[in-house]
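Participant:
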Amino acid sequence: MSSALFTSKDGLVGTWSDPIRITGEDGKDGTDGNGTEFIYKRTNDILTADDVPPSNPYIDDDVPTELGWFDHPQGVTADILYEYVCTRKKDKDTKLWGEFVGPAVWSKWGANGKDGDGVEYVYIRTKKDSDGVTPNIEFNTLDPDYQSDEYLPTCSTPQAESTTWTDDPKGVSPDFPFEFVSQRKYSSINGGWQAFSDPALWCRYAEDGAKGDKGDGVNILGSYDSEEELKQAHPTGNAGDAYLINGQLYVWNGGSWENVGNIQGPTGETGTSSYLHIKFSPDGINFSANGGEEPDKYIGYVVNNIENYTGTPNDYKPWIKFKGDDGWNYEYIFKRTTTETAPKVPTTNRQQDQYVPEDWTADAVGVDKDNKYEWRCYRVKKDGVWSEFRGAYNA
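Counting from 1, one number per residue, gives the positions in the sequence shown under the numbering used here.
(1) Taking the CB atoms as reference points, tell me whether R88 and G98 lie closer together than 8 Å.
(2) Could you name the residues that DSSP lists as bridge partners for A242?
(3) So W106 and Y84 are supposed to be a Cβ contact under 8 Å. How far apart are they, rounded?
(4) Can you check the region 100-184 for any beta strand (DSSP E) of at least 3 residues that lies completely inside it and give the ranges in chain order?
(5) If you count every other CB in all the chains shown that lies within 10 Å of the CB of P135, and 16 or more means buried, which is it?
(6) For E179, does the count of other Cβ atoms within 10 angstroms reach 16, so buried, or fall short, so exposed?
(7) Helix, strand or coil for Y316 per DSSP?
(8) Could you tell me the alpha carbon to alpha carbon distance between K279 and G300, rounded to whole angstroms?
(9) Please report the distance separating the alpha-carbon of A111 from that of E37.
(10) Please return the same chain residues whose Cβ sits closer than 6 Å to the Cβ of Q147, not counting the five positions on each side in sequence.
(11) Do K128 and P174 count as a contact pair if the criterion is CB distance below 8 Å?
(12) Helix, strand or coil: which one does DSSP assign to L96?
(13) Return the Cβ separation of V218 and V251 in integer angstroms, given the expectation that the two are a contact with Cβ distance under 8 Å.
(14) Let's test the definition: count the other Cβ atoms within 10 Å of the Cβ of R204 and tell me whether it reaches 16, buried, or not, exposed.
(15) Which same chain residues end up closer than 8 Å to W165 when comparing Cβ atoms and leaving out the 5 residues on each side of it in sequence?
(16) Label I285 either buried or exposed according to how many other C-beta atoms from any shown protein chain fall within 10 Å of its C-beta, with 16 as the threshold for buried.
(17) Between which two residues does the alpha helix (DSSP H) containing A195 stretch?
(18) With 16 as the cutoff for other CB atoms within 10 Å, does L142 come out buried or exposed?
(19) What are the residues that DSSP puts in a beta bridge with I333?
(20) By the three-class DSSP mapping on this structure, what secondary structure does T31 have?
(21) Which residue comes first and which comes last in the beta strand (DSSP E) that contains N262?
(22) N290 lies in the beta strand (DSSP E); which residues open and close that run?
(23) Thinking just about the alpha-carbon of each residue, which of A362, A239 and G391 is nearest to the one in A342?
(24) In terms of residues, what are the limits of the alpha helix (DSSP H) holding A233?
(25) So, is G102 buried or exposed, given that buried needs 16 or more other C-beta atoms within 10 angstroms?
(26) I need the DSSP call for T65, collapsed to helix, strand or coil.
(27) With DSSP run on the structure shown, which of helix, strand or coil describes A200?
(28) With G300 as the anchor, note down where its beta strand (DSSP E) starts and where it stops.
(29) Are the CB atoms of R376 and E66 within a distance shorter than 8 Å?
(30) Taking just the CA atoms, how far does N305 sit from P318?
(31) Measuring CB to CB, does I245 end up less than 8 Å from E269?
(32) How would you label E161, buried or exposed, when you count the other beta carbons within 10 angstroms and need 16 or more for buried?
(33) Determine which residues share a DSSP beta bridge with W386 and list them.
(34) Expressed to the nearest angstrom, what Euclidean distance is found between the alpha-carbon atoms of E358 and T43?
(35) In the DSSP assignment, find the unbroken beta strand (DSSP E) run with Y275 in it and report its ends.
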């Protein structure tokens, strides 16, 4: 995806932004794809590379919600002007996730809250039971008000959220999983604002699929010396019934006892012992102090059958970040409430470490029947200075 600014007068203003990939590569048959994940954050601040969150290379869907990031875009508003996106990819060889890359502007609220010159868009959401139902759009181009900017048409579709289209998208939700868009254009030649276009689907909420039925398992009930003895003792069986005959497994397939093969292989050769060797590195190139035994920023490992082994730094690749970069620290505080209303975020500029405001705790206590909700705030230390607390997020 690449973005640029156009006006009806001058056309393209400036240049196109650097492309950002928004879809992952297709995987080959029988193997996993490279994998790409996206996270999104809304803010009124200008984010830089210093705001890119850390990535856990071992966890899929690693979304740092405590830092205000989400798995899906939330949409900008008049109060929250920017939404950013970061991406990360999974290495197809190591199967480990790389670091997050970005941030890049995903969407930005218009400075004056209006659509671009010569084009206006309106939006409306529909209910969960309206799959396939396109809302109608009602307007009269002869109405004097129709030639006013920011004109909002009406809607009489029962499944629509309201009877009036809105100027901005609200974003889909489980209750309103469909959002539609319509546009109109201004023409000085044809006498002002033209008719709205037929509504088109703007966004759709994706739900998790239903859990599949439990498959039939295999239940080994005993053993016999021959197939004849099995059939004599059990002329029929139930789905999943199985018996062993000289190491062969016979399973009832619904009409007969079927030999599905030997489930016990021959005795294998005596195996050799395996040893795990771990080393540390300050830069992913050289060993740390004491021949790599001193913990440092990166960790690597080798598995072989040599009990006492040192090797070289190249033997321990790929090096994986073990410690976070200097300059950042995080502190969390927790508070329980009886209602779902988030507590007020503490305001303080105290610079002492491990500071816990009144009525908050340093660790999560857990909910109970009286305190059904627990909330979490955090603050960040950068260059030796603690920020104010941020949040609160439901813990």
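We put the CB at the ideal spot given by N, CA and C, even for glycine. What you are looking at is a predicted structure, and each value in this text was computed from that prediction instead of being measured.
Facilitator: Judging by the given coordinates:
(1) yes
(2) I220 and V251
(3) 6 Å
(4) 101-108 and 119-126
(5) buried
(6) buried
(7) helix
(8) 6 Å
(9) Low confidence applies here, because A111 scores a pLDDT of 48, under 50, leaving its location unreliable and the question unanswered by this model.
(10) G192 and W193
(11) yes
(12) coil
(13) 6 Å
(14) exposed
(15) V122, Y123, I124, I137, L152, P153, T154, C155 and S182
(16) exposed
(17) Counting along the chain, A195 falls outside any alpha helix (DSSP H), and DSSP gives it neither H nor E.
(18) exposed
(19) C377
(20) No answer about T31 holds up, because its pLDDT of 38 lies below 50 and its placement is not dependable.
(21) W257 to N262
(22) No beta strand (DSSP E) contains N290, which is instead part of the alpha helix (DSSP H) from A289 to G292.
(23) G391
(24) E227 to A233
(25) buried
(26) helix
(27) strand
(28) Y298 to N304
(29) yes
(30) 20 Å
(31) no
(32) buried
(33) K381
(34) 28 Å
(35) Y275 to S281
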